[in-house]
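According to this note's numbering, the sequence shown holds residues 1 to 174 in order.
Glycine included, every Cβ here is placed at the ideal spot set by N, Cα and C.
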Amino acid sequence: MTNKKINLENIKLLIMDVDGVHTDGGIMINDDGIESKRFDVQDGHGIKMLHCAGYKTAIISGRETKSTIVRANQLGIEYVYQNCAQKLPVFEKLLAETGFNADEAAYIGDDVIDIPLIKRAGFGVAVANAVDELKQHADFVTKKSGGQGAVREVVEYLLKATGKWEKQMERYLI
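See the structure below:
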């Protein structure tokens with residue numbers, strides 16, 4: 001865990017990896033060579049809650065799959081970058097495109113390819129099943145694993161820490 005100064009009030013953009021974060025990291029390939037992934041429904045609802053609270057979301061993935069595009073469209077994730085062997089230049093491009101600075105971005109990852117983004121983001125998160133090398137650079141490590149509620153855990157953490165959770169819950173407590 002890092003010692004950098006974090007202000008969660010500054011966070012306006014949540015950037016996420018896909019494999020190992022939105023999924024458990026497993027890849028299913030059928031006999032026809034078609035790949036599929038399993039996504040957590042509560043993670044998805046968390047993304048929608050985050051959007052309702054005024055946050056933007058993005059995906060930066062090292063792999064490229066149609067299922068990532070489909071899921072991003074279902075959730076309204078506006079910025080999707082795939083097939084990124086080097087994620088930091090894409091992170092910088094995303095910041096330029098959105099007008100946010102690094103301190104306004106949170107990033108969730110699970111593997112060594114995510115280290116530069118975890119270090120650069122205002123709030124760097126490693127999922128519970130992340131590699132140890134990533135965890136040592138993270139500002140926060142989730143209790144839940146990727147594909148099993150880790151994204152939702154981060155969403156709730158952000159919304160509760162910034163006093164926005166209660167407003168999001170109003171529509172459910174009628």
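Checking the DSSP bridge columns, you'll see Val125 partnered with Ile108 and Phe140. The beta carbon of Leu8 sits closer than 7 Å to the beta carbons of Phe123, Leu158, Ala161 and Thr162 from its chain, once the five residues preceding and following it are set aside; these are given in chain order. In the DSSP assignment, Tyr157 falls within the alpha helix (DSSP H) that extends over Ala150 to Ala161.
Secondary-structure assignment with DSSP links Ala58 through a beta bridge to Ile15 and Tyr79.
If you look at Cys52, you'll find it in the alpha helix (DSSP H) that goes Val41 to Cys52.
Using a Cβ distance threshold of 8 Å, Thr142 and Glu156 do not count as a contacting pair. With contacts defined as CB atoms closer than 8 Å, Gly109 and Asp43 fail to qualify as a contacting pair. Ile29 is bridged by DSSP to Glu35. With contact defined as three or more Cβ pairs closer than 8 Å, the segment 76-89 and the segment 53-67 are in contact.
The straight-line gap separating the alpha-carbon atoms of Leu14 and Lys56 is approximately 6 Å. When rounded, the separation of the alpha-carbon atoms in Leu173 and Val112 is 41 Å.
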